[in-house]
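For the sequence shown, my numbering begins at 245 and goes up steadily by one.
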Amino acid sequence: METKIPATPTAKQMIMLCFTVSVMLVSFTSFAQDKWLGYYESPADKILLQVEPKDKEGYFRGRLLYQDVIIPMKALTLLGVMVGEYQSNGVDKQFTLTRTGDVWAFSIDSQDYSLKKVPQAEFPADAAVAIQVTKSRLPPVQQATTSTTAPVAATSTVAPAGVIIPENFSNVIKDPGGTFTVNIPDGWRSKQQDDAYVLTKAGETTEIGIAAHHYSDRQQMLREGNGEEFEDIFNYITATSQPYGTQHVRTTSRGKLQGKNVVIEALFLYSPHGGGVMVSATMYSKNLIPEHFSLVEQIAQTVVFEKPVEDNTWLNRVRGKQLLYLKTISGGSTKYYYNLYSNGRYDYVYTYTYNSNSFYGSDNDRDQGTWRIVNRGNKAVLILNGNKKGMEEIVLEKSAASNELTGNGERFFVKAIE
């Protein structure tokens, strides 16, 4: 039985959101998975890596050509680095992939290679095929259910209503997706990068990060967000999570970034409309700087969530339809679909099969939940709230064909529910 890598809306990845936004002036990495999808190759070294979309449990799936063997792999991203697993002669192994300028640094078997990302590539038809990963040394899905740190006092709450703007918080910024507004302190400059903001101030080494998150399971984060340790990537980071008031979560991450001691304190606030906002402070010191976490709390108190506006045009187009994704290449076949029922419920079915050179492998997954479509920043967003995975978002775009659409950059067929 395979050990699953954490799904998109886990505490681990929310902590990664905190870390990533906090250090984006050093190396900003978006959560958008399509930045990782595609092919990476080094013909001279006979290396070819294919990264396919995540399944419902959060795996990046794909294959790796290495030492003339095609190896099924699974991977996740930590701090802007892809960490993958594969098996070689019955031994569990890992590789890493990270961008360095125009090339991608690929480390495997204690060797470093430079790969180029290409739009298409073919795996050799006569290459041997390795078995799928059956074990996992990546961070486990389940973690301790209670925190080892002292709980935050019950009086530490973020006011959901009757917002009080602290003095000298006169500047207002708006989430590019239109889900919230927030006031920032005077004297701090905001810089938008992708869908997040980084606040800096002259003479301050601390950085403040503000970004929307699109997850809704607070309890899962509390279960899984304690005792996380990420080693050998930017040295190390250890993270813990604990309740903050009755509705939100506080995370504390400690470790080193590029040789510097770092403490990251973050508040994850949850919106009544789904998702929420993360406000964090990255402090380059061994210990928490209380006044900087107080600043995070003050900023968080100014957050006002906005209810997304439904997109009736897209709603009418996909209501009662099936969104079908198909992809077959070099012996591997991926198929999944969403049945979007008129009553606001949906079913999800995923299958993956591989059949080449007498090797056959398969995997499958299912989920169900509720769906809706909102207009966010002039984009139609399909929001899925699954029983297993939690909240997932798919940005919808028109396609030239009337029976197709594009979702997060991938082609879907629009057809009647079977």
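Ideal Cβ placement from N, Cα and C applies to all residues, glycine included.
Which residue comes first and which comes last in the alpha helix (DSSP H) that contains W558? Walking along the sequence shown from the start, residue 558 turns up at place 314. It spans 556 to 562 - the alpha helix (DSSP H) in which W558 sits, taken as one unbroken run.
Among Q486, A544, I533, which one has its Cα closest to the Cα of L513? Here residue 513 refers to the residue found at position 269 when the sequence shown is read from its first residue. Comparing alpha carbon positions, the residue from Q486, A544, I533 closest to L513 is A544.
Can Y592 and Y585 be called in contact, C-beta distance under 8 angstroms? By one-based count along the sequence shown, residue 592 stands at place 348. By one-based count along the sequence shown, residue 585 stands at place 341. Against a cut-off of 8 angstroms, the Cβ pair of Y585 and Y592 comes out as no contact.
Nearest-angstrom Cα distance between A660 and W432? Residue mapping note: residue 660 aligns to position 416 of the sequence shown, counting from 1. Residue mapping note: residue 432 aligns to position 188 of the sequence shown, counting from 1. Each residue's alpha carbon lies about 52 angstroms from the other.
Have a look at V507, Y594, V347, N619 and flag the residue whose alpha-carbon is nearest the alpha-carbon of L559. Looking up residue 559 in the sequence shown gives position 315. The residue with the shortest Cα to Cα distance from L559 is N619.
Other residues of its chain near L382: CB distance less than 7 angstroms, five sequence neighbours each side excluded: Stepping through the sequence shown from its first residue, residue 382 is reached at position 138. At L382, the pLDDT of 46 sits below 50, so the modelled position is not reliable; the number obtained from the coordinates is stated separately. Closer than 7 angstroms at the Cβ level, and outside the excluded window around L382, lie I249, L320, V327, E329.
May I ask you to report which of helix, strand or coil DSSP gives L308? Here residue 308 is taken as the residue at index 64 of the sequence shown, counted from 1. If DSSP states are grouped into helix, strand and coil, L308 belongs with the strands.
Would you report the Cα separation of S524 and A645, rounded to the nearest angstrom? Translated into positions along the sequence shown, residue 524 becomes position 280. Translated into positions along the sequence shown, residue 645 becomes position 401. A straight line joining the alpha-carbon of S524 with that of A645 spans about 43 angstroms.
Alpha carbon of G613 to alpha carbon of N587, nearest angstrom: Against the sequence shown, residue 613 aligns to sequence position 369. Against the sequence shown, residue 587 aligns to sequence position 343. CA-CA distance, G613 to N587, rounds to 11 angstroms.
Can the beta-carbon of L679 be found closer than 8 angstroms to that of Y488? The structure shown does not extend to residue 679, since the chain spans only 245 to 662, so no value can be given for it.
Quick check: the Cα distance between A483 and P368, rounded to an integer number of angstroms? As a working mapping, residue 483 is identified with position 239 in the sequence shown. As a working mapping, residue 368 is identified with position 124 in the sequence shown. Roughly 42 angstroms separates the two Cα atoms.
Can you find the residues in the same chain that come closer than 7 angstroms, C-beta to C-beta, to Y310, ignoring five residues on each side of it along the sequence? Within the sequence shown, numbered from 1, the residue matching residue 310 stands at position 66. For Y310, where only same-chain residues beyond five positions count, the Cβ hits under 7 angstroms are I291, I352.
Go ahead and pull the three-state DSSP assignment for T650. Within the sequence shown, the letter at position 406 stands for residue 650. Three-state DSSP puts T650 in a strand.
In whole angstroms, what is the alpha-carbon distance linking V548 and N412? Here the question's residue 548 lines up with position 304 in the sequence shown. Here the question's residue 412 lines up with position 168 in the sequence shown. Between V548 and N412, the alpha-carbon positions lie close to 18 angstroms from each other.
So for I663, helix, strand or coil by DSSP? In the structure as shown, the chain begins at 245 and stops at 662. Residue 663 is therefore absent and cannot be evaluated.
Thinking just about the alpha-carbon of each residue, which of T425, R305, W280 is nearest to the one in S414? Start at 1 with the first residue of the sequence shown, and residue 414 comes out as number 170. Closest by alpha carbon: T425.
Verify whether the separation of the beta carbon atoms of D609 and Y594 is less than 8 angstroms. Numbered from 1 along the sequence shown, position 365 holds the residue referred to as residue 609. Numbered from 1 along the sequence shown, position 350 holds the residue referred to as residue 594. Contact: yes.
Whole-angstrom distance between P552 and H517, CA atom to CA atom: If you number the sequence shown from 1, residue 517 lands on position 273. If you number the sequence shown from 1, residue 552 lands on position 308. Near 8 angstroms, if we compare the C-alpha coordinates of P552 and H517.
Determine the contact status of Y283 and Q364, defining contact as a CB-CB distance below 8 angstroms. As a position in the sequence shown, residue 283 is number 39, starting the count at 1. As a position in the sequence shown, residue 364 is number 120, starting the count at 1. Between Y283 and Q364, the C-beta gap is smaller than 8 angstroms, which places the two residues in contact.
Applying the criterion that 16 or more other CB atoms from any shown protein chain within 10 Å of the CB defines a buried residue, is E554 buried or exposed? Within the sequence shown, residue 554 is the residue found at index 310, counting from 1. Exposed, since its Cβ has fewer than 16 Cβ neighbours within 10 Å.
In three-state DSSP terms, what is P552? As a position in the sequence shown, residue 552 is number 308, starting the count at 1. Here P552 sits in coil by DSSP.
Less than 8 angstroms separating the beta-carbons of A374 and S332? The residue labelled residue 374 in the question sits at position 130 within the sequence shown. The residue labelled residue 332 in the question sits at position 88 within the sequence shown. Closer than 8 angstroms, so yes.
Nearest CA to the CA of T526: which residue from P534, V506, S515? On the sequence shown, residue 526 is found 282 positions in, with the first residue counted as 1. The shortest C-alpha separation from T526 is found at V506.
Does the distance from the CB of T444 to the CB of I533 come in under 8 angstroms? For the purposes of this step, residue 444 is taken as residue 200 along the sequence shown, with counting starting at 1. For the purposes of this step, residue 533 is taken as residue 289 along the sequence shown, with counting starting at 1. Contact flag unset, no.
For E648, I'd like the list of residues in its chain whose CB is within less than 7 angstroms of its CB, leaving aside the five on either flank, ordered along the chain. Residue numbering aside, residue 648 sits at position 404 when the sequence shown is read from its first letter. Same-chain partners within the cutoff: R655, F656, F657, V658.
Let me know if S354 comes out buried or exposed under the rule of 16 or more other beta-carbons within 10 Å of its beta-carbon. The sequence position of residue 354 within the sequence shown is 110, counting from 1. Per the 10 Å Cβ criterion, exposed.
Assign N556 to one of two classes, buried (16 or more other C-beta atoms within 10 Å of its C-beta) or exposed (fewer than that). Taking the sequence shown and counting its residues from 1, the one referred to as residue 556 is at position 312. Classification for N556: exposed.
To the nearest whole angstrom, what separates the beta carbons of E285 and L341, a pair I think is in contact under 8 angstroms? Working through the sequence shown from its first residue, we reach residue 285 at position 41. Working through the sequence shown from its first residue, we reach residue 341 at position 97. With 8 angstroms as the limit, E285 and L341 do not qualify as a contact, their Cβ atoms being about 12 angstroms apart.
Might you give, ordered along the chain, the residues of its own chain that have their beta carbon closer than 6 angstroms to the beta carbon of V639, omitting 5 neighbours on each side? Residue numbering aside, residue 639 sits at position 395 when the sequence shown is read from its first letter. Closer than 6 angstroms at Cβ, skipping near neighbours: K623, V625, N652.
Should A446 go down as buried or exposed, given a rule of 16 or more other Cβ atoms within 10 Å for buried? Within the sequence shown, residue 446 is the residue found at index 202, counting from 1. Result: exposed.
Rounded separation between H492 and S606 - CA only: As a position in the sequence shown, residue 492 is number 248, starting the count at 1. As a position in the sequence shown, residue 606 is number 362, starting the count at 1. The alpha-carbon atoms of H492 and S606 are separated by roughly 39 angstroms.
Which residue wins for smallest C-alpha separation from K642, given the options D289, R561, I573, Q566? Here residue 642 corresponds to residue number 398 of the sequence shown, with the count starting at 1. Nearest option by C-alpha distance: R561.
For K279, which of helix, strand or coil comes out of DSSP? The residue given as residue 279 occupies position 35 in the sequence shown. K279 falls in the helix class under three-state DSSP.
Mind checking A405: buried by the 16 CB within 10 Å criterion, or exposed? Translated into positions along the sequence shown, residue 405 becomes position 161. Below a pLDDT of 50, predicted positions are generally treated as unreliable, and A405, at 35, falls in that range; no measurement from the model is reported.
Around the C-beta of V335, are 16 or more other C-beta atoms found within 10 angstroms, so that it is buried, or is it exposed? As a first step, residue 335 must be located in the sequence shown, where it is residue number 91. Label assigned to V335: exposed.
Assuming L293 contacts L308 under a Cβ cut-off of 8 angstroms, what Cβ separation, rounded to an integer in Å, is found between them? Numbered from 1 along the sequence shown, position 49 holds the residue referred to as residue 293. Numbered from 1 along the sequence shown, position 64 holds the residue referred to as residue 308. Indeed, because the Cβ distance is near 5 angstroms, the residues count as touching under 8 angstroms.
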